[in-house]
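Asks:
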Amino acid sequence: MEILVFALGGSAYGLMELLFRGHTHWTMVITGGACVLTLYWLEEWLMGMPLILAAAAGAMIVTAYEFSVGLIVNVRLGWHVWDYSSLPGNIMGQICPVFTVAWFVLCLVFLGLIKVFAQ
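Just so we're aligned, residue 18 is where the sequence shown starts under my numbering, counting upward by one.
1) With C-beta atoms as the reference, is H42 less than 8 angstroms away from V98?
2) Cβ atoms of L63 and G50: under 8 angstroms apart, would you say?
3) For D100, collect the residues of the same chain with a Cβ closer than 6 angstroms to its Cβ; drop the 5 residues on either side in sequence, then sort them by chain order.
4) How close, in whole Å, do the beta carbons of I78 and T55 come, if the pair is a contact with beta carbons under 8 angstroms?
5) Could you check whether V53 and V22 sit closer than 8 angstroms to each other, using their CB atoms as the reference points?
6) At the level of alpha carbons, what is the spacing between W31 and G65?
7) Just tell me which of V122, M18, S85 and K132 has its CA closest to the CA of W58.
8) G129 and L68: beta carbons closer than 8 angstroms?
9) When the Cα atoms are used, what is the spatial distance from I89 to I108?
10) Give the range of the alpha helix (DSSP H) segment to which T48 is assigned.
As structure tokens, this is what we get:
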């Protein structure tokens, strides 16, 4: 089941990037899969809290992945997959409040759907 969750999460994230940015990178597919798999592993914990808090926790998890992967692929390897340095509140150009809010909204929808359909 974990392989399916990883593959679906990675594919969904890659597709979102294609739709909104016009391109993606293979590292983003892996990162998206890892994020969704982590949320899957934490489902019981996340579903045990109010949806707003679960979405905030999810956004922090995704932001932590984004920062970690950014340090590797953008800073260490210099691949320049993304650069948020022009956005306010960014940290090393790898994360920023604007995208943390976007991850919150995505987690709100994703976890909200799980709450609705799991009942």
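Just so you know, even glycine gets a beta-carbon here, dropped at the ideal spot from N, CA and C.
Replies: In brief:
1) In the sequence shown, the residue the question calls residue 42 occupies position 25. In the sequence shown, the residue the question calls residue 98 occupies position 81. Cβ distance < 8 angstroms, so H42 and V98 count as in contact.
2) Mapped onto the sequence shown, residue 50 falls at position 33. Mapped onto the sequence shown, residue 63 falls at position 46. Note that the C-beta distance between G50 and L63 is not below 8 angstroms.
3) Locating residue 100 in the sequence shown gives position 83, counting from the first residue. Once the five neighbours on either side are set aside, the close Cβ partners of D100 are G110.
4) Residue numbering aside, residue 78 sits at position 61 when the sequence shown is read from its first letter. Residue numbering aside, residue 55 sits at position 38 when the sequence shown is read from its first letter. Going by Cβ atoms, the distance from I78 to T55 rounds to 6 angstroms, so yes, they are a contact pair.
5) Your numbering for residue 22 matches position 5 in the sequence shown. Your numbering for residue 53 matches position 36 in the sequence shown. Between V22 and V53, the CB-CB gap stays under 8 angstroms.
6) Against the sequence shown, residue 31 aligns to sequence position 14. Against the sequence shown, residue 65 aligns to sequence position 48. For the sequence presented, residue 31 should be read as Gly rather than Trp. Going from the Cα of G31 to the Cα of G65 covers about 29 angstroms.
7) The residue you call residue 58 lines up with position 41 of the sequence shown. A check of alpha carbon separations from W58 across V122, M18, S85 and K132 identifies M18 as the nearest.
8) Position 112 of the sequence shown, counted from the first residue, corresponds to residue 129. Position 51 of the sequence shown, counted from the first residue, corresponds to residue 68. Yes. Within cutoff.
9) Stepping through the sequence shown from its first residue, residue 89 is reached at position 72. Stepping through the sequence shown from its first residue, residue 108 is reached at position 91. The straight-line gap from Cα to Cα measures roughly 14 angstroms.
10) Residue numbering aside, residue 48 sits at position 31 when the sequence shown is read from its first letter. Here the alpha helix (DSSP H) through T48 covers W43 to W58.
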